[in-house]
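Numbering (full-length UniProt numbering), first residue to last: 1 to 228. Some notes on the structure that comes next.
Structure below.
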């Protein structure tokens, strides 16, 4: 076979081999390419799996010093629902904890995968309890009605409301009172109450039995001596 023919056949074989190698490489690259690309606008993994979070969304403080009517509500988001709640040192296992006294409370929120997060609520109360004291002036004469009394209020949350029983009005002072027992109820702005008893007295009535005459005993005079 002539030398030129051999050279041409070898060149064609080399081109054919190179072409096959390129096709094989392209096939492997295609196998590594995703079969179905993610559609435009689909959520990213960060959006589909947001971190679990919890915040105290509502809180009611204790209305009266020493009471236990506070409450707190936690709102959970992210993670994987449903959520479980646990309040400490008390408060139960719901999203809202009721009947809380003053102090700090921690709620632990756990999602369906076991991930957990905490939030804290601090319940407060009025600084001082509502207390009352009184000063009075008793009735000056038996059967009179000039007694007075004044209530002094400490603590609680002003303004205050007053109610005297069985009579006396709705002010801090009560006047024109006959003798007897009186009770005043003081209510502050948050509904806390304090009751105080304020008695009013009068002098006793002087008693003289009817039909009895009071006589004054006679005093004997010394006998005079006569001279004759």
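Built from N, CA and C at the ideal position, the CB exists for glycine as well.
Cα separation between residue i and residue j?
i: residue 94; j: residue 84; result: 8 Å
i: residue 176; j: residue 119; result: 58 Å
i: residue 72; j: residue 140; result: 56 Å
i: residue 126; j: residue 61; result: 9 Å
i: residue 169; j: residue 162; result: 8 Å
i: residue 77; j: residue 105; result: 20 Å
i: residue 201; j: residue 123; result: 46 Å
i: residue 36; j: residue 79; result: At residue 36, the pLDDT of 43 sits below 50, so the modelled position is not reliable; the number obtained from the coordinates is stated separately. Roughly 27 Å between the two C-alpha positions.
i: residue 57; j: residue 153; result: 35 Å
i: residue 198; j: residue 134; result: 7 Å
Let me check one thing: in DSSP terms, what residues is residue i bridge-paired to?
i: residue 162; result: 186
i: residue 199; result: 181
i: residue 154; result: 131
i: residue 62; result: Bridge partners of residue 62: none, in fact.
i: residue 84; result: 110
i: residue 53; result: 77
i: residue 194; result: 186
Could you pull the start and end residues of the beta strand (DSSP E) that residue i belongs to?
i: residue 76; result: 70-77
i: residue 107; result: 103-110
Which class does residue i belong to by DSSP, given the choice of helix, strand or coil?
i: residue 174; result: strand
i: residue 100; result: strand
i: residue 204; result: coil
i: residue 117; result: strand
i: residue 149; result: strand
i: residue 140; result: coil
i: residue 90; result: coil
i: residue 122; result: strand
i: residue 169; result: coil
message = Count Cβ pairs between the region 50-64 and the region 102-120 that sit closer than 8 Å; are there 3 or more?
response = yes
message = Tell me whether the region 176-185 and the region 151-167 touch, counting them as touching only if at least three CB pairs, one residue from each stretch, are closer than 8 Å.
response = yes
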